[in-house]
Structure formats: structure tokens, C-alpha cells
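Residues 15 to 163 in this note's numbering are what the sequence shown lists, from first letter to last. Glycine is no exception: its CB is placed at the ideal position from the N, C-alpha and C atoms. Working notes, structure below.
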Amino acid sequence: MSGGQAWMVWLGVALVLVAIETVTVDFTFLMLAGGAAGGAIAAAVGAPPVVQAIVGGLVAIALLAIVRPWLKKRFTATNAPQLMGAAANVGRSAIAIDRVNPAGGQVKLAGETWSARTLGDDIEPGEEVVVDSIEGATAIVRRAHVVGS
15 MSGGQAWMVW LGVALVLVAI ETVTVDFTFL MLAGGAAGGA IAAAVGAPPV
65 VQAIVGGLVA IALLAIVRPW LKKRFTATNA PQLMGAAANV GRSAIAIDRV
115 NPAGGQVKLA GETWSARTLG DDIEPGEEVV VDSIEGATAI VRRAHVVGS
């Protein structure tokens, strides 16, 4: 292969690595593609093949060591899990529709009427409650603490 076309080979390798990255989405092949791009630039300025390989390797190592950890942290950050269904109601406020006690009752929770019970207190209609847990289709509630009372 003539020295004038070596950059095209490096560029081809970089493109193949980018294509592999689209499947893995781990940022490893993207960093290796960056190294291949470094080799392509070295070839384009007329560096001998050994220098091209050294430049490509050093760029890839630097990208893997510095850029990849930052990218993984930035794009794969774990957010708090989004609760769905009944579990999403734990910790929410509700209003007692009728008396709620350990035997049962009803509350208005997130715009819906729920069966509810307490673990001890009797709660009167109109009082604000907080959902401590959900057992089946029943909200286990406690009286909301009002600041200043």
C-alpha cells in the first residue's frame, strides 16, 4: 500500500469501529475509533507506519482512560427508579372520605377512591393522611402531621 493511501485505511478502520459501537453502546469501540482517527491524521501528514500505529495506540489509550469514564458516567447515570402503579402512591397525601381505622375506610388518593386502613388511629372524614404502604388494593395510612399542631 502506498503511503498516500494509508490514511484511508485508518479511516475505514475508524468507521468500522464506530459501526460496532452503535451495537454495543459501551463507548469502548468509539474510543478505539478515535485512536484510528489519530492514526489517520498521522498518515495524512506523512508519518511512517510505525509512528501512525504509535499515535493511534496512544490516542486510543488516552481516550479509554480519560474520555470513556466521563462519557459512561454522563450517559449511563442511574437515576432513581421511577415507581409505577400502586407503589408510586407510597408517601403521597390523601384525604379521608369517611372514618378510617384499623377495620377499614376510604380515602381519596391521586383522584381515585381507595380502600384504606390505619395501624391504630381513627381518622375522621376530611383529615389529611399519608400513605405508608400499599397492601393489595388497600392503602395503609397514618394521620399527616400538620406543622404547628
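- Residue state for residue 118 is assigned as strand, using DSSP reduced to three classes.
- Here residue 55 carries a helix assignment [DSSP, helix/strand/coil].
- If the five residues before and after residue 119 are omitted, its C-beta is found closer than 6 Å to the C-beta atoms of 112, 113 and 130, all from its own chain and listed in chain order.
- In terms of Cβ geometry, residue 145 and residue 105 form a close pair [threshold 8 Å].
- Residue 132 is positioned such that its CB atom lies closer than 8 Å to that of residue 115.
- Secondary structure note for residue 141: it is in no beta strand (DSSP E), with a DSSP letter that is neither H nor E.
- Here DSSP, grouped into helix, strand and coil, assigns residue 27 to helix.
- Annotation: residue 155 is outside any alpha helix (DSSP H); the continuous beta strand (DSSP E) that includes it extends over 152 to 157.
- One thing to note: residue 24 has its Cβ within 8 Å of the Cβ of residue 50.
- Nearest in C-alpha terms to residue 85, of all of 148, 40 and 18, is 40.
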